[in-house]
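Student:
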Amino acid sequence: MSSAALFQQPLLTTPFHARARAMSQLDSFIPWAGYTTVDVFSSVEHEYFAIRNATTVYDLTPMVKYRIAGAGATAYLNRLVTRDVGKLKENRVAYCVWCNDAGHVIDDGTIFRLGEREYRLCTAERQLDWLLDSAIGFDVEISEVTAEIAALALQGPSSCAALKDYGMTGIQALKPFEIGHFAVAGNEIMASRTGFTGDLGYELWMRPEQAESVWDGLMAAGRARGIRPIGSMALNVARIEAGFILPNADFVSAEHTIYTDRARSPLELGLSWLVDFKKGHFTGRRALLAEERRGARRRLVGLDVDGNKPAHNALLYDDRSGKRAVGSVTSAIWSPTCKRNIALAMLEAPHFKLGAEVWAEIYLNRELVWERRMARARVVEKPFFAPERRRVTPPADY
Amino acid sequence: MAASASTDARYDCIVIGGGHNGLVCAAYIAKSGRSVLVLEAAEEVGGAAVTHEFAPGYRVSSCAHLLHLMPQAMIKELDLNVHGLKLANDAMPTTALAPTGAPLSLGVGDSGALVGASSADALAYPGYCARLRRLARALRPIMASVPPRLGTDAWSDRLALLRMAWTVRTLGRRDMRELLRIIGMNVYDLLEEHFDTPLLKGALGFDAVLGTNFGPRSPGTVLTLLYRLAAHDGSSILAQPLGGMGAVSDALAKAATAAGATIRTAAPVRRIRLHEDRVQGVELQSGQTIAADVVVSSCDPKTTFLGLLGSEQLDTGFVRRVNHLRTRGLAAKLHLALDARPNFTGLAPQALAGRLLIAPSLEAIERAYNHAKYAEFSSEPVFEITVPSVNDPSIAPAGKHVLSAIVQYAPYALAGGWEPQRQRCTDIAIDTLERYAPGLRASIRSAELLTPLDIERRFRITGGHWHHVDLAFDQFFMVRPVPGAAQYQTPVPGLYLCGAGCHPGGGVMGTAGRNAARQVLKGAA
């Protein structure tokens with residue numbers, strides 16, 4: 016698109032936009048990575064319960080996608096991210112984070128191994144500059160392919176059944192984080208058993224010109240499985256239940272922080288399982304090793320908060336008096352499925368230990384009168400919700 | 056990256072590159088009793104500080120042709136005089152040649168008598184020199200020291216910063232104010248404040264841009280001038296080593312050997328080997344591996360980090376900084392084999408033993424620089440000339456002469472490429488010289504132009520820059536070559552830098568090598 020056109024239309028539309036517009040009851044659209052996308056179609060509750068009880072369609076085309084290919088692609092990615100990409104087999108997907116020299120997280124995302132020398136990296140933020148600078152000295156080609164690929168997330172217990180009904184025969188054989196290729200009604204679809212809901216689900220990747228045909232086909236085939244489109248608000252509830260972190264909610268990219276001490280390491284974000292110190296060098300390794308030796312100063316944890324009022328943006332204290340702040344909540348919801356008041360929170364040492372008790376200062380707006388509540392909260396295991404069905408292969412025929 | 060079984064030697068320390076900084080570093084480390092191996096890729100030691108035969112019977116210093124930056128203390132500590140360092144001339148005068156009329160003599164050093172300038176300039180000159188010398192002296196401790204780090208809690212860093220601030224403060228109010236006023240200025244404006252005579256301003260401004268990517272009007276050229284003065288203690292006595300610059304390297308090699316170091320030539324290193332993120336040694340291009348706990352590289356930072364180590368061993372941010380270093384040389388070297396003593400118009404016979412400048416005015420230098428901005432060879436280049444055979448007849452056949460000149464500006468990436476234009480550019484340089492020394496062309500037996508590209512290939516210096524890394528505010532002192540490697544240490548434990556890309560930079564000085572040795576010994580202690 017020319018720059019003049021961008022000026023006239025600051026937000027791009029995805030290939031699914033016409034369909035989303037037609038099904039939107041609230042006309043509630045928000046910008047996401049330069050595209051206009053649906054916030055909520057009809058009601059957050061209906062959409063959320065469809066994720067947990069039926070099947071849902073979510074347009075994730077705006078997710079930034081890079082093609083990384085070449086003889087040095089594996090070595091390149093291994094130096095970029097903290098995880099061992101050498102262990103990632105073809106047609107598999109891995110969640111990972113990457114850091115700057117100081118060991119602070121720039122972004123998280125997923126790496127799709129499409130071939131021996133070809134990968135796709137999906138990220139929240141655009142960062143071609145960092146990716147290209149990381150390529151100095153590597154035999155690798157990097158290009159952004161966001162607009163060349165339309166993507167839909169099919170999430171929910173009946174998603175597999177809906178896809179089978181649509182004609183994606185064999186989808187049930189896909190294991191978690193596996194990639195498969197399907198042809199339905201002339202559409203070539205790449206499917207991965209991945210998602211952001213912590214539930215059974217798939218992500219479908221296709222050429223933009225096939226987008227409407229796939230959408231229509233899914234909607235027709237999935238009717239008996241309770242299919243419905245969802246917006247990002249319902250997804251956010253599901254992702255907190257699943258314990259997934261979100262850039263700019265639970266951490267700020269180290270490339271964007273302005274205040275010192277705002278950037279976060281993977282160890283602080285509770286992602287030390289993603290950091291492989293044994294695989295060889297990667298950017299931030301030396302800083303992270305030093306941090307590990309020093310011991311963590313803070314950590315992102317799961318909280319179970321007393322009461323039923325979500326602890327949005329709450330400051331956390333070491334006791335009820337609220338004199339000494341020891342952290343704050345980054346994401347909070349009432350979990351409809353767990354029937355628990357849950358939150359993700361950054362807590363200072365030693366308060367992040369499992370079972371530790373802190374107090375959340377919650378502000379409630381009761382018809383324009385603000386009330387302050389101190390609620391007890393405990394550090395608990397994540398994820399809050401992890402149904403067995405997310406892993407079972409083949410999935411049950413809901 | 057498992058330990059190789061073919062490792063057939065082990066040293067406490069390996070120095071990659073047998074240039075003057077590598078040799079100095081090796082000598083100091085060996086003096087402490089550690090076993091040191093110097094690996095030089097070329098057939099002889101010296102790096103760019105060598106003497107080569109460019110025509111049958113004619114020899115010349117390949118790059119730098121004047122010795123004036125190496126600290127006296129170092130010459131003494133390493134017993135270089137004992138090891139064969141002799142000077143063919145230890146007090147060379149500087150003369151600025153005029154396109155028409157009489158040349159301007161600046162005498163020996165900056166305290167020399169000015170002959171040929173206006174009376175007002177002659178009056179102003181001693182005061183100008185004295186002040187610059189005072190300012191340079193205040194910067195002198197900065198030149199010799201290991202730069203402190205910023206933002207650490209270490210007392211040594213804080214102390215070093217305090218000491219720097221104190222030295223500057225002791226200048227007194229007026230000099231300190233002047234230092235703060237001029238340090239970011241360009242040398243053109245500074246000289247315009249003081250002098251009238253174009254020839255004098257050209258000569259004084261020339262030293263500020265010699266070996267840089269600057270013209271006289273470029274910001275930061277007062278800094279490069281003060282740097283040059285500070286490097287030689289404010290006295291700026293120029294000397295010519297007997298046998299050319301190669302003789303200095305030979306003396307350094309003897310000093311290093313005498314201290315116990317082993318030197319291997321024709322031993323190019325393929326890569327620096329790591330084991331569990333620590334230096335393990337090196338692998339030669341022959342495939343041989345040699346083990347050492349410490350590796351000191353005198354190569355330029357791009358060669359060291361992106362070539363010998365590999366960006367896969369380094370963080371992206373660090374590699375980005377190294378990759379962005381400005382390393383393109385802008386100075387060429389012209390060597391002429393002459394049948395007869397060159398005859399510069401109006402030049403006193405004894406002045407030919409000294410340094411000659413062709414930089415008739417600041418405007419002339421700036422015009423020469425204009426071409427370089429657009430990747431062109433200057434149509435009227437500026438020169439630093441010596442005729443070393445006058446002081447040292449041994450480097451030319453009997454009765455013949457060698458002319459050695461630094462030619463500016465010669466862009467590394469010349470538009471259209473060097474090979475098709477080598478002869479044209481050589482002719483431009485010779486034609487310019489011919490105007491100052493009529494008859495010169497007729498006496499030329501052979502001419503050699505070493506472009507930055509030649510210097511890169513011959514001496515393995517990325518960009519062919521004699522400072523390795525351009526000397527400028529943003530690549531200076533505490534951030535030289537890049538933050539994270541400015542204390543001669545690198546992000547890789549056991550790997551050090553000691554080349555001209557480190558503080559305080561290039562020229563045949565050796566201070567980077569000495570400072571690096573100090574850091575190695577501190578780390579090993």
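Going down the list, the protein sequences come from chains X and U.
Heads up: the first sequence runs through residues 16 to 413, numbered per this note's numbering.
Heads up: the second sequence runs through residues 56 to 580, numbered per this note's numbering.
Backbone N, C-alpha and C fix where the C-beta goes; we use that ideal spot for every residue, glycine too.
1. What residues in its chain sit with their C-beta under 7 Å from that of TYR413(X), if we drop five residues either side in the sequence?
2. For GLY365(U), return the contacting residues in chain X, with the cut-off set at a CB-CB distance below 7 Å.
3. Within the continuous beta strand (DSSP E) that includes LEU289(X), where are the two ends?
4. Please classify THR184(X) as buried or exposed, where buried requires at least 16 neighbouring CB atoms within 10 angstroms.
5. With a threshold of 6 Å on Cβ separation, who are the neighbours of ARG228(U) within its own chain once the five nearest residues in sequence on each side are excluded?
6. Quick one: is ARG94(X) near chain U, going by C-beta distance under 8 Å?
7. Is the distance from the Cβ of LEU289(X) to the Cβ of LEU315(X) below 8 Å?
8. Taking Cβ-Cβ distances below 7 Å as the criterion, which residues of the region 348-382 of chain U are in contact with chain X?
9. Check whether the Cβ atoms of VAL563(U) and LEU124(U) sit closer than 8 Å, and answer yes or no.
10. Can you confirm whether the region 185-197 of chain X touches the region 107-126 of chain X when touching is taken to mean that 3 or more C-beta pairs between the two stretches lie within less than 8 Å?
11. Give the DSSP-derived three-state secondary structure of GLU307(X) in the structure shown.
12. On the DSSP letters alone, give me the boundaries of the alpha helix (DSSP H) that VAL420(U) sits inside.
13. Anything in the region 534-559 of chain U with a Cβ closer than 8 Å to a Cβ of chain X? List those residues in chain order, please.
14. Within the 8 Å Cβ cut-off, does THR298(X) reach chain U?
15. List the DSSP bridge partners of CYS111(X).
16. Quick one: Cα of ARG36(X) to Cα of PRO244(X), how far?
17. Do you know offhand how far TRP385(X)'s Cα is from TYR378(X)'s?
18. Can you give me the C-alpha to C-alpha distance between GLY582(U) and ASP123(X), rounded to a whole angstrom?
19. Check the C-beta distance from GLY139(U) over to VAL100(U) and give it rounded, since I have them as a contact under 8 Å.
20. First and last residue of the alpha helix (DSSP H) that includes THR276(U)?
21. Would you mind working out which of ALA414(U), PRO448(U), VAL93(U) and ALA82(U) sits nearest VAL264(U), comparing C-alpha positions?
22. Does DSSP put GLY289(U) in a helix, in a strand, or in coil?
23. Is LEU282(X) helix, strand or coil by DSSP?
24. Do the region 302-317 of chain U and the region 89-108 of chain U meet, that is, are 3 or more Cβ pairs less than 8 Å apart?
25. Whose C-beta lies closer than 7 Å to the C-beta of PHE399(X) among residues of the same chain, with five residues either side of it excluded?
26. For LEU280(U), count neighbouring C-beta atoms within 10 Å of its own C-beta (all shown protein chains included) and say buried if the count is 16 or more, exposed if not.
27. In the DSSP assignment, the alpha helix (DSSP H) including GLN127(U) goes from what residue to what residue?
28. Can you list the residues of chain B that ASP148(X) reaches, using a CB-CB cut of under 9 Å?
29. Does the CB of ASP208(U) have a neighbour CB from chain X at under 8 Å?
30. Assuming contact is defined by CB atoms lying nearer than 8 Å, are ASP525(U) and THR382(U) in contact in what I supplied?
31. Measure the alpha-carbon distance for LEU380(U) versus ALA386(U) and round it to whole angstroms.
32. Report the start-end ranges of each beta strand (DSSP E) in the region 314-379 of chain X that is 3 residues or longer and not cut off at the edges.
33. In this structure, how does DSSP classify GLU396(X) when only helix, strand and coil are distinguished?
34. Which of helix, strand or coil does DSSP assign to ASN398(U)?
35. Just the Cα atoms here: how many angstroms apart are SER352(U) and ILE440(U)?
36. Give a yes or no on whether 8 Å exceeds the smallest Cβ distance from ASP99(X) to chain U.
Tutor: Quick look at the numbers:
1. If we look at TYR413(X) and ignore the five residues flanking it on each side, its Cβ neighbours are PRO172, SER173 and ALA176.
2. Going along chain X in sequence order, the residues near GLY365(U) (Cβ under 7 Å) are GLY152.
3. Annotation for LEU289(X): no beta strand (DSSP E) segment contains it, and DSSP assigns it neither H nor E.
4. THR184(X) should be labelled exposed.
5. For ARG228(U), same chain residues with a beta-carbon under 6 Å away, outside a window of 5 residues either side, do not exist.
6. Closer than 8 Å: yes.
7. LEU315(X) sits away from LEU289(X), with the two beta carbons spaced by 8 Å or more.
8. Against chain X - using a Cβ distance shorter than 7 Å - the residues of the region 348-382 of chain U are LEU361, GLY365, SER366, GLU367, GLN368, ASP370, THR371, GLY372, PHE373, VAL374, ARG375 and ASN378.
9. If you check the CB distance, VAL563(U) and LEU124(U) come in under 8 Å.
10. Touching, per the Cβ criterion.
11. GLU307(X) falls in the helix class under three-state DSSP.
12. The question names Val, yet the displayed sequence has Ile at residue 420(U). According to the DSSP assignment, ILE420(U) belongs to the alpha helix (DSSP H) that extends over 417-428.
13. Those residues of the region 534-559 of chain U that come within reach of chain X (Cβ to Cβ, closer than 8 Å) are GLY539 and PRO546.
14. A Cβ of chain U is located within less than 8 Å of the beta carbon of THR298(X).
15. As a beta-bridge residue in DSSP terms, CYS111(X) pairs with GLY124(X).
16. Here the alpha carbons of PRO244(X) and ARG36(X) stand approximately 11 Å from one another.
17. Their backbone Cα atoms lie some 6 Å apart in a straight line.
18. This structure leaves residue 582(U) out entirely; chain U is present only between 56 and 580.
19. Not quite, the Cβ-Cβ distance comes to about 13 Å (not below 8 Å), so this is no contact.
20. For THR276(U), the enclosing alpha helix (DSSP H) stretches over residues 276-286.
21. The option with the nearest alpha carbon to VAL264(U) is ALA414(U).
22. Per-residue confidence for GLY289(U) stands at a pLDDT of 43, beneath the threshold of 50, marking its modelled position as unreliable; the derived number appears in the next sentence. GLY289(U) carries a coil assignment under DSSP once its states are collapsed to helix, strand and coil.
23. The three-state secondary structure of LEU282(X), taken from DSSP, is coil.
24. The region 302-317 of chain U makes contact with the region 89-108 of chain U, as at least three CB pairs between them are under 8 Å.
25. Sequence-distant partners of PHE399(X) (beyond 5 residues in either direction) whose C-beta falls short of 7 Å from its own C-beta, in its chain, are GLU256, GLY258, GLY317, SER350, CYS353, ARG355 and ILE357.
26. Buried is the call here.
27. Counting along the chain, the unbroken alpha helix (DSSP H) around GLN127(U) starts and ends at 127-132.
28. The structure shown contains no chain B; its protein chains are X and U.
29. Not one chain X Cβ lies under 8 Å of ASP208(U).
30. Taking C-beta atoms as the reference points, ASP525(U) and THR382(U) count as a pair closer than 8 Å.
31. If you draw a straight line from the Cα of LEU380(U) to the Cα of ALA386(U), it comes to about 18 Å.
32. Correct list: 330-332, 340-350 and 355-363.
33. Coil at GLU396(X), not helix or strand.
34. In the structure shown, ASN398(U) sits in coil (DSSP, three-state: anything other than H, G, I, E or B).
35. Across the structure, SER352(U) and ILE440(U) are spaced so that their CA atoms are roughly 32 Å apart.
36. It does not; no Cβ of chain U falls within 8 Å.
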